[in-house]
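Comments concern the structure below.
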Amino acid sequence: MKIAIMGAMPEEIAPILQQLKDYTTTSYADNSYYEASYHGVDLVVAYSKIGKVFSALTAATMIEHFGATKLLFSGVAGAINSSLKIGDLIVATKLAQHDLDITTFGHPYGYVPEGSVYIEADQALVELSKRVAAGIGVNIKEGTIATGDQFIANETKKKWIQDVFAADALEMEGGSVAVVCKALNIPFFILRSISDAADMDAGFNFDEFLQSSAHVSAEFIMKMVDKLGN
Ligand code: SAH
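Its first residue numbered 1, the sequence shown is counted upward by one per residue in my numbering.
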């Protein structure tokens, strides 16, 4: 078993690299990949750069080139569900691409032929996250995550994504990683800690809370890796 751990930004994987005592760095496809053995589990770690295209490339590379057999994503997101506060954790049960739009042809938002609006995350990994959370007394929320190539800092747009996709949180990579993992039959898990509420203060809040929220998510992911190794 080889586990891929990915984030979108350096801040999202920095806490993970800090925990790995030794790792080797490989340059591939215009990115850096870090490989290590952690508590007996082989890991490949990378940040993709922001957005759906870069994250799809990195996910596919980790699987096809580095041989990852499971993929865990750790990062930050904007909250839609008002019960989610900054620093809270949300686990995606399913993901959609909110900016995918060929509705002119009578299709629903987020849909293209031979695709599906939603992709479900691996149930066993979601269940494992619940056991890990219970074990360390941490609250995690399960919900739907909407992904698009836009930083959302606007109540109207946020409400639209909530209404159309029944989403609890939004970000810019989970939905594309889900497409790749589903196509390649790799169990995947998307974890996000809230950095902002996708409202007019989102840019400011994101800058303030990126590091602390990224840390919350990364720590939880490493607890899951511990369990996956057993
Ligand atoms: N400040 C960065 C850009 C961050 S983009 C820079 O200047 O380089 C936001 C990143 O955090 C994306 O990777 C996305 O997945 C996540 N994210 C957090 N809050 C978000 C929001 N409100 N809308 C969209 N993505 C958000």
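Where is the CB? At the ideal position from N, CA and C, for every residue including glycine.
Quick check on DSSP: helix, strand or coil for residue i?
{"i": "SER195", "result": "strand"}
{"i": "PHE105", "result": "helix"}
{"i": "LYS177", "result": "According to the sequence shown, residue 177 is Val rather than Lys. Residue state, collapsed to three classes: helix."}
{"i": "ILE5", "result": "strand"}
{"i": "SER83", "result": "coil"}
{"i": "ILE50", "result": "coil"}
{"i": "ILE152", "result": "coil"}
{"i": "ASP163", "result": "helix"}
{"i": "LEU95", "result": "strand"}
{"i": "VAL112", "result": "coil"}
{"i": "GLY40", "result": "coil"}
{"i": "THR69", "result": "coil"}
{"i": "GLY137", "result": "coil"}
{"i": "ALA214", "result": "helix"}
{"i": "ILE63", "result": "helix"}
{"i": "ALA77", "result": "strand"}
{"i": "LEU17", "result": "helix"}
{"i": "ILE119", "result": "strand"}
{"i": "LEU170", "result": "strand"}
{"i": "ASN31", "result": "strand"}
{"i": "MET145", "result": "Note that residue 145 is Ile in the sequence shown, not Met. It is a strand residue."}
For chain C, find out if any of its Cβ atoms is closer than 8 Å to the Cβ of residue i; answer yes or no.
{"i": "THR156", "result": "Among the chains of the structure shown, chain C does not appear; only one protein chain is present."}
Which residue wins for smallest C-alpha separation from residue i, given the options the options?
{"i": "ALA146", "options": "TYR47, GLY51 and MET9", "result": "GLY51"}
{"i": "ASN205", "options": "LEU43, LYS85, ASP99 and THR144", "result": "LYS85"}
{"i": "GLN19", "options": "SER37, GLY203 and GLU171", "result": "SER37"}
{"i": "ALA167", "options": "ILE186, MET9, MET222 and HIS98", "result": "HIS98"}
{"i": "GLY75", "options": "GLY40, ASP88 and ILE102", "result": "ASP88"}
{"i": "GLY232", "options": "LEU128, GLY174 and ALA218", "result": "Within the shown structure, residues of the chain are numbered from 1 to 230, placing residue 232 beyond reach of any answer."}
{"i": "ASP122", "options": "TYR23, HIS107 and THR69", "result": "THR69"}
{"i": "PHE151", "options": "GLU11, TYR33 and ALA77", "result": "ALA77"}
{"i": "MET200", "options": "VAL41, SER48 and ALA153", "result": "ALA153"}
{"i": "TRP160", "options": "ARG131, ALA56 and GLY110", "result": "GLY110"}
{"i": "LYS49", "options": "SER32, ASP42 and HIS39", "result": "SER32"}
{"i": "THR61", "options": "VAL112, ILE3, ALA92 and GLU171", "result": "ILE3"}
{"i": "SER55", "options": "PRO113, MET172, MET1 and GLU114", "result": "MET172"}
{"i": "ASP22", "options": "MET9, GLY7 and GLY40", "result": "GLY40"}
{"i": "ARG254", "options": "VAL225, ALA59 and PRO15", "result": "Examination of residue 254 is not possible in this model, given that the chain is present from 1 through 230 alone."}
{"i": "PRO113", "options": "ASP101, GLU120 and ALA124", "result": "ASP101"}
{"i": "SER116", "options": "MET9, PRO15 and VAL179", "result": "VAL179"}
{"i": "THR26", "options": "VAL45, PRO10, GLY203 and ALA8", "result": "VAL45"}
{"i": "ALA29", "options": "ILE119, PHE105 and ALA59", "result": "ALA59"}
{"i": "THR233", "options": "ASP42, ALA198 and GLY7", "result": "A query on residue 233 cannot be resolved here, the shown segment of the chain reaching from 1 to 230 and no further."}
{"i": "PHE188", "options": "SER83, LEU17, THR93 and VAL53", "result": "THR93"}
Pop quiz: residue i and residue j are said to be a contact at Cβ under 8 Å. What is the actual Cβ separation, rounded to whole angstroms?
{"i": "ASP80", "j": "LYS158", "result": "Looking at the sequence provided, one finds Ile at residue 80 rather than Asp. Sure, about 6 Å apart at Cβ, within 8 Å."}
{"i": "VAL164", "j": "GLU142", "result": "Going by Cβ atoms, the distance from VAL164 to GLU142 rounds to 20 Å, so no, they are not a contact pair."}
{"i": "PHE73", "j": "VAL177", "result": "6 Å"}
{"i": "ALA169", "j": "ILE186", "result": "With a Cβ gap of about 22 Å, ALA169 and ILE186 do not count as contacting."}
{"i": "ILE63", "j": "LEU184", "result": "5 Å"}
{"i": "LEU95", "j": "ILE221", "result": "17 Å between Cβ atoms; not a contact."}
{"i": "TYR47", "j": "GLU12", "result": "6 Å"}
{"i": "ALA202", "j": "PRO15", "result": "Going by Cβ atoms, the distance from ALA202 to PRO15 rounds to 22 Å, so no, they are not a contact pair."}
{"i": "SER129", "j": "ILE140", "result": "6 Å"}
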